[in-house]
Amino acid sequence: MADLQGFVMRFSTERDARRLEELQRGSWIPTVTPAGPYQPRRFFDHHRPDEVLVAERDVLPIGYIVVRRASQMASHAHVAAIEGLGVAADARRRGVAGALLHAAERAAAARGFTRLTLHVLSCNVAALALYARHGFETEGVLRGEFRLPVGPGGAMTSVDDILLAKRVA
Ligand SMILES: CC(C)(COP(=O)(O)OP(=O)(O)OC[C@H]1O[C@@H](n2cnc3c(N)ncnc32)[C@H](O)[C@@H]1OP(=O)(O)O)[C@@H](O)C(=O)NCCC(=O)NCCS
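At the far end of the sequence shown sits residue 1601, using the working numbering, and the numbering has no gaps.
This is the structure in structure tokens:
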């Protein structure tokens, strides 16, 4: 696919598994996921390669996004969900996530989806700013949905689960 700002955007292959697991592990922190301590897991046990876009620099994936059908229900067939997004810590604030989001939107539209949704934690300031900048709107808030150690000194804090959405065409 495209070569943008020094990196190449492409769909993943099974050969990316180890690097994608590293990137996923690097983002597995309480401000990002409510899932608790990282449990090693095989990336492609949970995602198909054609549901994952990677941004690659010097032949090394530096970020990824998972975009796939939100569910198998026929009534839901127009909706794609972003179910994972991460950029290597040393590659952040250079537009990688923005380019991944843009590519995911184009891929979703090309596959006939008209709506893109995702969940984000209210404590994930970086991701909230990113999605707002890219035109996602808040459509729902589950207040106090999680209690996570994200307060001062790791204090347990009540965190909202925010549902964002954007129309794609
Ligand atoms: C959130 C994340 C994906 C952003 O990746 P990135 O490549 O650094 O993002 P970009 O460089 O494309 O940023 C685009 C815009 O998003 C916003 N943004 C990104 N990181 C931000 C931060 N730490 N603080 C505030 N705003 C931020 C800014 O508006 C930024 O534009 P700017 O740099 O011109 O100010 C990255 O920080 C990350 O991997 N975090 C851990 C995983 C995660 O939170 N995933 C989302 C789960 S819902």
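Ideal Cβ positions, reconstructed from N, Cα and C, are used throughout, including at glycine.
Asked: Under 8 Å between C-beta atoms of Leu1376 and Pro1466; Found: Here the chain comprises residues numbered 1433 to 1601, so residue 1376 is not present and cannot be evaluated.
Asked: CB contact flag (Ile1497, Ile1514, <8 Å); Found: yes
Asked: Coil, strand or helix - Val1473 by DSSP; Found: The residue you asked about is not Val; residue 1473 is Arg in the sequence shown. Here Arg1473 sits in coil by DSSP.
Asked: Contacting residues, own chain, Cβ-Cβ under 6 Å from His1479 (five flanking each side not counted); Found: Val1498
Asked: Euclidean distance between Cα positions of Glu1537 and Leu1548; Found: 8 Å
Asked: Unbroken alpha helix (DSSP H) run spanning Val1498, endpoints; Found: That residue, Val1498, is in no alpha helix (DSSP H); its beta strand (DSSP E) goes Leu1492 to Arg1501.
Asked: Ala1529 CB to nearest heavy atom of ligand 2 below 7 Å; Found: Within the structure as shown, ligand 2 is missing, the only ligands being ligand 1.
Asked: Contact under 8 Å by Cβ, Glu1571 with Leu1596; Found: yes
Asked: Cα-Cα separation, Gln1471 to Val1464; Found: 15 Å
Asked: Terminal residues of the alpha helix (DSSP H) in which Glu1446 lies; Found: Neither: Glu1446 is in no alpha helix (DSSP H) and is coded neither H nor E.
Asked: Helix, strand or coil at His1551 according to DSSP, with G and I counted as helix; Found: strand
Asked: Whole-number beta carbon distance between Met1441 and Ala1506, since they are thought to touch under 8 Å; Found: Between Met1441 and Ala1506 the Cβ distance is about 31 Å, and since that is not below 8 Å, they are no contact.
Asked: C-alpha gap between Arg1524 and Gly1518, whole angstroms; Found: 9 Å
Asked: Contact under 8 Å by Cβ, Arg1489 with Gly1438; Found: yes
Asked: Where Ser1459 falls: helix, strand or coil (DSSP); Found: coil
Asked: Of the residues Leu1562, Glu1569, Val1491 and Ser1503, the one placed nearest Arg1451, counting alpha carbons only; Found: Val1491
Asked: Gly1438 Cβ short of 7 Å to ligand 1 heavy atom set; Found: no
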